[in-house]
Amino acid sequence: MHALVTHSPILIIAIPLLAAFLIPLIGRANEKARDVLVVAALAFVGFLVIILAKDIYFNGLRVYTLGASSSILTIPEHYMVPVRIILEVDSMSTFMAIITATVSLAAAIYSLAFVREETGQNRFYTLLLLLAAGMFGMELTGDLFNLFVFLEIASIAGAALTAFRTRFADTAEGGFKYIVISSIAALMILLAIGLFYAQYNLINIGALAQVMQYTMLDKIALALLVIAFMMKLAGVPLHMWCPDAYSVAPASITVMLVAASYACLYALFRTCFTLYGVCLNLVTVGWIVIIFGLLSMFIGVTMAVFQSDIKRLMAYHCISQTGYMLLGIGVGLAVLDNPEALNSYGIAAMNGGIFHIINNALYKGLLFLTAGALFYRTGTRDLNKMGGLAHKMKWTAIFYIIGALSISGIPPSNGFASKLLLYESTYQFHPVIAIVAMITSILTLASFTKAFYSAFMGAELPEYEEVKEVPKSMMAGMAILVVGIIFFSLFPGLVIDWLAHPATEALINQGAYISGIMGGMG
Amino acid sequence: MAISELSYSPWSPVLWLLAFVVVMIMAYFFRRRGQKKYKKGTEQTRIFLCGEEVPEARQRHIRAHNVYWGFFKTMKEYYDANIKAHTGIINDYIIWFIALVSITAVILFIV
Numbered sequence: 003m004h005a006l007v008t009h010s011p012i013l014i015i016a017i018p019l020l021a022a023f024l025i026p027l028i029g030r031a032n033e034k035a036r037d038v039l040v041v042a043a044l045a046f047v048g049f050l051v052i053i054l055a056k057d058i059y060f061n062g063l064r065v066y067t068l069g070a071s072s073s074i075l076t077i078p079e080h081y082m083v084p085v086r087i088i089l090e091v092d093s094m095s096t097f098m099a100i101i102t103a104t105v106s107l108a109a110a111i112y113s114l115a116f117v118r119e120e121t122g123q124n125r126f127y128t129l130l131l132l133l134a135a136g137m138f139g140m141e142l143t144g145d146l147f148n149l150f151v152f153l154e155i156a157s158i159a160g161a162a163l164t165a166f167r168t169r170f171a172d173t174a175e176g177g178f179k180y181i182v183i184s185s186i187a188a189l190m191i192l193l194a195i196g197l198f199y200a201q202y203n204l205i206n207i208g209a210l211a212q213v214m215q216y217t218m219l220d221k222i223a224l225a226l227l228v229i230a231f232m233m234k235l236a237g238v239p240l241h242m243w244c245p246d247a248y249s250v251a252p253a254s255i256t257v258m259l260v261a262a263s264y265a266c267l268y269a270l271f272r273t274c275f276t277l278y279g280v281c282l283n284l285v286t287v288g289w290i291v292i293i294f295g296l297l298s299m300f301i302g303v304t305m306a307v308f309q310s311d312i313k314r315l316m317a318y319h320c321i322s323q324t325g326y327m328l329l330g331i332g333v334g335l336a337v338l339d340n341p342e343a344l345n346s347y348g349i350a351a352m353n354g355g356i357f358h359i360i361n362n363a364l365y366k367g368l369l370f371l372t373a374g375a376l377f378y379r380t381g382t383r384d385l386n387k388m389g390g391l392a393h394k395m396k397w398t399a400i401f402y403i404i405g406a407l408s409i410s411g412i413p414p415s416n417g418f419a420s421k422l423l424l425y426e427s428t429y430q431f432h433p434v435i436a437i438v439a440m441i442t443s444i445l446t447l448a449s450f451t452k453a454f455y456s457a458f459m460g461a462e463l464p465e466y467e468e469v470k471e472v473p474k475s476m477m478a479g480m481a482i483l484v485v486g487i488i489f490f491s492l493f494p495g496l497v498i499d500w501l502a503h504p505a506t507e508a509l510i511n512q513g514a515y516i517s518g519i520m521g522g523m524g
Numbered sequence: 020m021a022i023s024e025l026s027y028s029p030w031s032p033v034l035w036l037l038a039f040v041v042v043m044i045m046a047y048f049f050r051r052r053g054q055k056k057y058k059k060g061t062e063q064t065r066i067f068l069c070g071e072e073v074p075e076a077r078q079r080h081i082r083a084h085n086v087y088w089g090f091f092k093t094m095k096e097y098y099d100a101n102i103k104a105h106t107g108i109i110n111d112y113i114i115w116f117i118a119l120v121s122i123t124a125v126i127l128f129i130v
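Structure follows, in C-alpha cells:
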C-alpha cells in the first residue's frame, strides 16, 4: 500500500494515458471489454486519488521526481536547481484531482448509453481518457512546461470531443472555437514560460517562486498568464466561446469541459499564490480577479435568463458560478499580506471560493447531464419545444430539482453552504460585492425555474407520448453526482475541514511549496 | 463565521432536513384526508375553464421565450448592448483577449 501511495501521483496520470492507448485495440475486439476498461481505469484512478488525498492530509505535501533514483530526489547531486519533471502534490492539488476523478467517472458511466448509437466510440473513449489524463497532469505537476503540455493534451482532446457528433452542423463550429481559444491561450502561456526561462533558467514552479524578482518581464508574463487562464475558464469578457462550445458537445463531455476549466482555475491560483506569491501587488491583482468575478457573475446570469437553449442557459450559468470562485479567491488574494483581515474574513472567503469549486462541479455536472437526458429523449435542446416531461421522466426531473436548488443556493443544499460563506466574508471586504453575489443567486433561481417550468411542467405534449426515462447507465452517472451533492449538503462542515480548508492553507503557504522542491537535495 | 461553526444554528442542514421530513409527513396526512373516490382519466380530472373550450396541451403551455418578458422589456437597453457584443465571431473573441492582456499589463506597470 505504501508503494501505491508513493507512486500514486504518476499512476494517476499514467493509467488514463495507458488506457487511452489500449482502447482502440481492445475496442476492435470487444466493445463490452472496452467499456469495462474505461470505467475500471477511472474508478481505480479515483481510488488512487482518495488514498493520495488522505496521505497528503495527514503527512503533508508530496513530491514525485520522474527519472530519479528516488522519487523525493528533487535536486540531483552536484546540482543547485531541479532539472527533472517533478510532480508536486499538496492539498489544493488533491482537491482538484478529487473533482476531476468524480466528474470523469460520472461522465464515463453516463456516456455508456449516451453515445451507444454513435459511430467512432473507440475514438470517443480514447479522447475522454486523454482529456482526463490532461486534467490530472495539470493538477499534479510542479513544472510550468509540463503544465503547458498537459493543458495542450486536455485542450486538443476537449476540442475533438466537442466536435464529436459531426452529423450536427454546429458542432464543428463549437469545436473550432474551442481549439482556437485553447491554442491562443496555450501560446501565450508558453510565451510567459519562455520569459521566465530567459530570465531565471528555470521552469519548476517552486524553484521559480524562490527566485522571483517581479521584473518588468515578470509583469508581462503575469498579464499573459492571468488573461490566458481567464480565457480558458471563460471569465467575462473572455467567455463568449463557452456557450458555443458547451452547448454542442455531448452532455458527458460538457461536464468534463467544465472540470477542465476548473483545472485552468487551479493553474490561475497556482500562478498568483505560489509562483508569484507576496511579490505581487496583492491588492491590485486581487481586485483584478474580483472584477473578473463580478462581471462573470452578473453578465453570466443575465445572459442565462435570456436563453431558450437549455445547454446554452447552463453554459452561461457556468460562467456565472465561476465568478463566485474568482470572487472568494480574489478577496483572499487582496488581503494576503494583511494578517488581521486574512484571519478575519480572507481565509473564510477562500474556503467559500474553493468549496464552491467542488460544489459547482457536482451540481453543474448534474444539470448538464439532465440536459443531456432531455436531448437524448426529445432530440432537441430548445426549451420552446419542450413541455410536460416530468410526467414521463420523473427521475430526471427530481435530479434536475436537486441540481437547480443547489446552484441557486437554497438551504440546506451544498450551494447554500458555500454561498453563505462567500456572502459573509466578502461583505466584510466590500458590501457591494456581496450584494451583487446575492442578486446573482436570485437571478440563478429565476433562470432555473424558467427552464424547469418550460421543460418539465405543464400537460403532456402529444409529440412526447413515446418519451420514457433514460437508460440506467445515464441514471447511474447522474446518481453519482446526486450522492455527492446530498453528502456535501448534509455535512458541509466536514467538507470544509477535510477538503476546502487544507486546500486554502496549501495555497497560502508558498514557503511549504518551495521547500518541497528546494529542500529535497540528495 | 465559517459554515462549519454553524452546526447548531438555524442554517444547519440536518435541522432543515428534519423540517422537510415533518412538512412531508403533514402533507401526506392532508392528502390522505382527500377525496378517495377520485379517478384519473374521467370527467373528474377534466380541466374546467369557466365553461370555455379548453385549448390543446400545445397551446396551453407557456413557452420559454414568453417567460419573464417584463424583465427583458425593462432591461431592453442592457440586453441590446450585451447581445450586440456577443457576435459569435472568433476574431472578436481574440480582440477581447489582446485588449485585456494590454490593459492588465499597463495596470501592473503603473501600480
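Here the protein sequences come in this chain order: A and B. In short: position in the first sequence from 1, add 2, done, that's this note's numbering. In short: position in the second sequence from 1, add 19, done, that's this note's numbering. Backbone N, C-alpha and C fix where the C-beta goes; we use that ideal spot for every residue, glycine too.
Check	Outcome
Give the secondary structure of Tyr87(B) by DSSP, where H, G and I count as helix, E and B as strand, and everything else as coil.	coil
By the DSSP assignment, the beta strand (DSSP E) with Thr67(A) in it spans what residues?	64–67
What does the Cβ neighbour count give for Tyr318(A), buried or exposed, with the cut at 16 atoms within 10 Å?	buried
Is Tyr112(B) buried or exposed, if buried means 16 or more other CB atoms sit within 10 Å of its CB?	buried
Could you tell me the distance, in whole angstroms, from the CA atom of Ala165(A) to the CA atom of Lys366(A)?	21 Å
Below 7 Å between beta carbons is the criterion; list the residues of the segment 223–243 of chain A that meet it against any residue of chain B, in chain order.	Leu224, Ala225, Leu226, Val228, Ile229, Met233, Pro239, Leu240, Met242, Trp243
Rounded to whole angstroms, how far is the Cβ of Ala253(A) from the Cβ of Phe170(A), which I believe are closer than 8 Å?	With 8 Å as the limit, Ala253(A) and Phe170(A) do not qualify as a contact, their Cβ atoms being about 13 Å apart.
For a contact defined as C-beta to C-beta under 9 Å, what are the partners of Asn283(A) on chain B?	Leu127, Val130
Expressed to the nearest angstrom, what Euclidean distance is found between the alpha-carbon atoms of Met98(A) and Glu468(A)?	41 Å
Look up Ile331(A) in the DSSP assignment and say whether it is helix, strand or coil.	helix
Excluding five sequence neighbours on each side, which residues of the same chain lie with their C-beta closer than 6 Å to the C-beta of Val497(A)?	Phe490
Since I believe Ser443(A) is in contact with Gly411(A) (beta carbons under 8 Å), could you give me their beta-carbon distance rounded to a whole number of angstroms?	5 Å
Around the Cβ of Met20(B), are there at least 16 other Cβ atoms within 10 angstroms (buried) or fewer (exposed)?	Confidence is the limiting factor: at Met20(B) the pLDDT is only 44, short of 50, which leaves the residue's position unreliable and the question unanswerable from this model.
Mind checking whether Gly144(A) and Leu89(A) have CB atoms under 8 Å apart?	yes
Kindly list the residues whose CB is nearer than 6 Å to the CB of Leu13(A), restricted to its own chain and excluding five residues on each side of it in sequence; keep chain order.	Leu50
Is there at least one Cβ from chain A nearer than 8 Å to Leu119(B)'s Cβ?	yes
Let me check understanding here. Comparing Cα to Cα, which of Lys387(A), Ala502(A), Ala508(A) lies closest to Glu465(A)?	Lys387(A)
So what does DSSP say about Leu463(A), is it helix, strand or coil?	coil
I need the straight-line Cα distance from Leu25(B) to Val65(A), nearest angstrom please.	At Leu25(B), the pLDDT of 49 sits below 50, so the modelled position is not reliable; the number obtained from the coordinates is stated separately. When rounded, the distance between both Cα atoms is 36 Å.
Would you mind working out which of Ile255(A), Ile435(A), Gln309(A) sits nearest Gly374(A), comparing C-alpha positions?	Ile255(A)
What span of residues does the beta strand (DSSP E) with Val91(A) cover, start to end?	88–91
Are the Cβ atoms of Thr324(A) and Ser298(A) separated by less than 8 Å?	yes
Find the residues of chain B that neighbour Phe2(A), judging by a C-beta separation of less than 7 Å, and give them in chain order.	Given a span of 3 to 524 for chain A in the structure shown, any question on residue 2(A) remains unanswerable.
What would DSSP say about His4(A), mapped onto helix, strand or coil?	helix
Could you check what DSSP says for Glu468(A) in three-state terms: helix, strand or coil?	coil
So, Thr446(A) versus Ile435(A), is the Cβ gap smaller than 8 Å?	no
Is it a yes or a no for the segment 78–95 of chain A touching the segment 51–70 of chain A, going by three-plus beta-carbon pairs under 8 Å?	yes
For Asn206(A), name the three-state secondary structure that DSSP assigns.	strand
Output, in chain order, the set of chain D residues within a Cβ distance shorter than 8 Å of Thr286(A).	Included in the structure are the protein chains A and B, with no chain D among them.
Determine, using beta carbons only, whether Val86(B) comes closer than 8 Å to chain A.	yes
Are Ile181(A) and Ala161(A) close, meaning C-beta to C-beta below 8 Å?	yes
With DSSP as the reference, label Glu71(B) as helix, strand or coil.	strand
For Gln512(A), I'd like the list of residues in its chain whose CB is within less than 8 Å of its CB, leaving aside the five on either flank, ordered along the chain.	Ala211, Phe275, Thr276, Gly279, Val280
So, with DSSP's three-state summary, where would you put Ile77(A)?	strand
Could you check how far apart the C-beta atoms of Leu492(A) and Pro32(B) are, in whole angstroms? I think they sit under 8 Å.	5 Å
With respect to the alpha helix (DSSP H) encompassing Ile293(A), which residues constitute its N-terminal and C-terminal limits?	284–308
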